[in-house]
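Undergrad: Chains as they are written, first to last, in the numbering used here: chain A, 74 to 282; chain B, 51 to 356.
Would you mind keeping the following structure in view while I ask a few things?
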């Protein structure tokens with residue numbers, strides 16, 4: 074990536090589009106401190122992410138909820154346990170967990186599937202569990218890397234609606250996608266990347282390539 | 051903090067059961083490793099005991115002339131006893147030597163009659179010297195030779211020093227002891243390294259199956275200690291179970307082998323096992339725990355590096 078500079082304001086919903094290999098995923102990895110840039114800095118509020126000492130990284134990551142194309146659920150845990158795990162790792166009390174986990178799963182319309190294991194769920198349902206896990210700790214930002222990449226159109230629609238709902242509730246969302254329908258549906262800011270550079274940045278964008 | 055600890059412990063146990071096959075494989079390998087380590091310990095014990103027995107049979111005898119003045123004998127005895135290499139000095143007076151001779155030959159009337167023919171006691175006093183280490187006999191013998199050389203020809207008290215007769219057997223024994231000690235050390239070292247590597251590899255494979263889980267844990271912001279904890283606990287459990295299993299594997303084996311070792315090495319390994327049960331338990335279990343813990347800590351660390 075080269076010459077990538079942009080700012081995301083709180084409560085914004087930003088979509089990043091571009092061909093495969095344009096640098097979308099790399100960009101997201103830098104935001105969650107999985108990758109380091111060779112030059113330049115990434116700031117979260119006033120914090121330079123890549124200057125955070127290793128031991129403090131987990132607590133930084135807790136401020137960010139992540140969603141992936143391949144869901145990344147723990148296969149041996151039920152939907153409830155998957156969501157609860159994120160809270161346990163956060164050191165929340167059992168009472169908080171018992172209260173918040175069903176709420177989060179209800180927000181993604183999975184009240185009736187909370188005791189199912191991932192292999193018993195459809196792709197869309199799995200992605201909704203992943204979203205519930207991402208939001209349960211009330212993060213400041215949701216990072217979604219191709220969240221609809223593996224989903225059929227209906228599931229895609231549901232996931233986008235849920236992300237919009239979360240955004241309306243006050244959480245910043247940064248999402249990558251190459252699904253034109255999704256972009257047109259959301260009608261929010263779109264950053265277009267090509268070959269590691271930002272080529273467009275439209276405040277209410279369409280999918281243009 | 052306490053909640054976190056409780057969760058780590060719970061996750062450790064759950065992980066142990068949910069990956070039962072992997073746990074079983076790890077325990078199996080670790081048990082074999084500990085069994086090998088335990089066996090070398092027993093073997094070493096066997097070697098040491100038989101070497102000790104052999105060593106205790108070696109000594110230097112100084113025979114004094116029958117009419118040696120007692121103070122002269124006593125002077126030499128104290129001088130030898132004062133040497134740092136000497137473990138013990140046993141003095142046998144000429145009367146005692148005679149009594150011993152009579153006792154030994156009580157059925158041999160001819161020898162006894164021959165003894166009766168003599169007016170005086172033909173046997174001199176003896177001192178039997180045992181060194182702390184077989185390699186030290188050389189020094190003691192040299193010392194005795196010097197003493198002997200210092201004596202005036204007319205008042206010779208030392209009749210004979212039998213070191214030169216036994217020198218050869220002492221030298222042989224010495225080289226056997228050194229060789230076996232070195233060999234058993236090398237074998238023990240090789241086995242130990244092999245056991246550690248095999249255990250480490252098995253546990254690494256066990257954790258390899260969990261690498262996806264570890265990456266997810268990192269993503270949801272679990273601290274490194276929180277991720278590592280359950281695996282470390284599992285490592286400890288593997289070690290504990292394997293240690294106990296290896297310990298009980300020895301029971302039937304030693305019941306069978308014990309009488310045989312007694313006949314050959316004068317040490318019943320089964321009795322040794324029973325008497326030292328506590329120590330062997332502590333050694334095997336702690337080696338197991340350390341092996342399991344270190345292996346899993348290293349194995350997880352691989353996936354925690356950023």
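Ideal Cβ placement from N, Cα and C applies to all residues, glycine included.
Only a predicted model underlies this, so the values are computations on that prediction, with no experimental measurement involved.
1. Taking the alpha carbon of residue 309 of chain B as the point to measure from, which residue in B:238, B:301, B:319 has its own alpha carbon closest?
2. Could you please give the first and the last residue of the uninterrupted beta strand (DSSP E) stretch that includes residue 308 of chain B?
3. Smallest Cα separation from residue 75 of chain B: which of B:145, B:342, B:351, B:353?
4. In whole angstroms, what separates the C-alpha of residue 244 of chain B from that of residue 231 of chain A?
5. Helix, strand or coil for residue 91 of chain A per DSSP?
6. Closest to residue 301 of chain B by CA distance: which of B:145, B:331, B:218, B:104 is it?
7. Within the 9 Å Cβ cut-off, does residue 266 of chain B reach chain A?
8. Compare the C-alpha of residue 272 of chain A against each of A:85, A:97, A:84 and name the closest.
9. The stretch 158 to 169 of chain A: which residues have C-beta closer than 8 Å to a C-beta of chain B, in chain order?
10. Do residue 206 of chain B and residue 115 of chain B have their CB atoms nearer than 9 Å?
11. Near residue 79 of chain B, what residues of its chain come up, given a Cβ to Cβ distance below 7 Å and the 5 sequence neighbours on each side ignored?
12. Closer than 9 Å, Cβ to Cβ, to anything on chain B: give me those residues from the stretch 129 to 149 of chain A, in chain order.
13. Would residue 268 of chain B pass as a contact of residue 345 of chain B if the rule is Cβ separation under 9 Å?
14. Does the CB of residue 273 of chain B have a neighbour CB from chain A at under 9 Å?
15. In whole angstroms, give me the CA-to-CA distance for residue 150 of chain A and residue 192 of chain A.
16. Just confirm the distance between the C-beta atoms of residue 96 of chain B and residue 193 of chain B, as a whole number of angstroms; I'd bet it's less than 8 Å.
17. Would you call the CB atoms of residue 90 of chain A and residue 81 of chain A closer than 9 Å?
18. Using a C-beta to C-beta distance shorter than 9 Å, which residues of chain A count as neighbours of residue 276 of chain B?
19. Which of the three DSSP states, helix, strand or coil, is assigned to residue 260 of chain A?
20. List, in chain order, every chain A residue whose beta-carbon is nearer than 7 Å to that of residue 57 of chain B.
21. Measure the Cβ-Cβ separation of residue 88 of chain B and residue 296 of chain B and say whether it is below 9 Å.
22. Can you give the Cα-Cα distance for residue 220 of chain B and residue 110 of chain B, rounded to whole angstroms?
23. Given a limit of 8 Å on CB to CB distance, which residues of the stretch 199 to 213 of chain A reach chain B?
24. Find out if the Cβ-Cβ distance for the pair residue 267 of chain A, residue 92 of chain A is shorter than 9 Å.
25. Do you know how far the Cα of residue 275 of chain B is from the Cα of residue 314 of chain B?
26. How long is the line joining the alpha carbons of residue 353 of chain B and residue 265 of chain B, rounded to whole angstroms?
27. Cβ closer than 7 Å: which chain A residues qualify as neighbours of residue 347 of chain B?
28. Start and end of the beta strand (DSSP E) containing residue 186 of chain A?
29. Helix or strand or just coil, what does DSSP make of residue 210 of chain B?
30. Along the alpha helix (DSSP H) that carries residue 241 of chain A, what are the first and last residues, could you check?
31. Just the Cα atoms here: how many angstroms apart are residue 191 of chain B and residue 179 of chain B?
32. Under 8 Å: do the stretch 203 to 221 of chain A and the stretch 150 to 161 of chain A share three or more Cβ pairs, one atom per stretch?
33. Could you name the residues of chain A that residue 269 of chain B contacts, counting a contact when the two beta carbons are closer than 8 Å?
34. Under DSSP, the beta strand (DSSP E) around residue 77 of chain A begins and ends at which residues?
35. Does residue 56 of chain B pass the burial test, meaning 16 or more other C-beta atoms within 10 Å, or should it be called exposed?
36. One question on the structure: do residue 162 of chain A and residue 131 of chain A come within less than 9 Å of each other, judged by their Cβ atoms?
TA: Reading off the structure:
1. B:319
2. It is not in any beta strand (DSSP E) - residue 308 of chain B instead sits in the alpha helix (DSSP H) that spans 274 to 315.
3. That would be B:342, whose Cα lies nearest to the Cα of residue 75 of chain B.
4. 56 Å
5. strand
6. B:331
7. Yes, contact with chain A.
8. A:97
9. 158, 159, 161, 162, 163, 164, 166, 167
10. Judged by beta-carbon spacing, residue 115 of chain B lies within the 9 Å limit of residue 206 of chain B, meaning their Cβ atoms are closer than that value.
11. Cβ within range, chain order: 248, 249, 252.
12. 130, 131, 132, 133, 134, 135, 136, 137, 138, 139, 141, 145, 146, 147, 148, 149
13. no
14. yes
15. 10 Å
16. Between residue 193 of chain B and residue 96 of chain B the Cβ distance is about 34 Å, and since that is not below 8 Å, they are no contact.
17. Contact: no.
18. Simply 131, 161, 162, 164.
19. Coil, per DSSP.
20. 161
21. yes
22. 10 Å
23. Those would be 206, 210, in chain order.
24. yes
25. 53 Å
26. In this structure, the CA atom of residue 353 of chain B is about 7 Å from the CA atom of residue 265 of chain B.
27. None at all; the shortest Cβ gap to chain A is about 17 Å.
28. Neither: residue 186 of chain A is in no beta strand (DSSP E) and is coded neither H nor E.
29. Residue 210 of chain B falls in the strand class under three-state DSSP.
30. 226 to 241
31. One alpha carbon belongs to residue 191 of chain B, the other to residue 179 of chain B, and they sit about 10 Å apart.
32. yes
33. From the beta-carbon of residue 269 of chain B, the residues of chain A found nearer than 8 Å are 105, 134, 139, 145.
34. Segment: none, residue 77 of chain A is in no beta strand (DSSP E) and carries neither H nor E.
35. exposed
36. The Cβ-Cβ distance between residue 162 of chain A and residue 131 of chain A falls below 9 Å.
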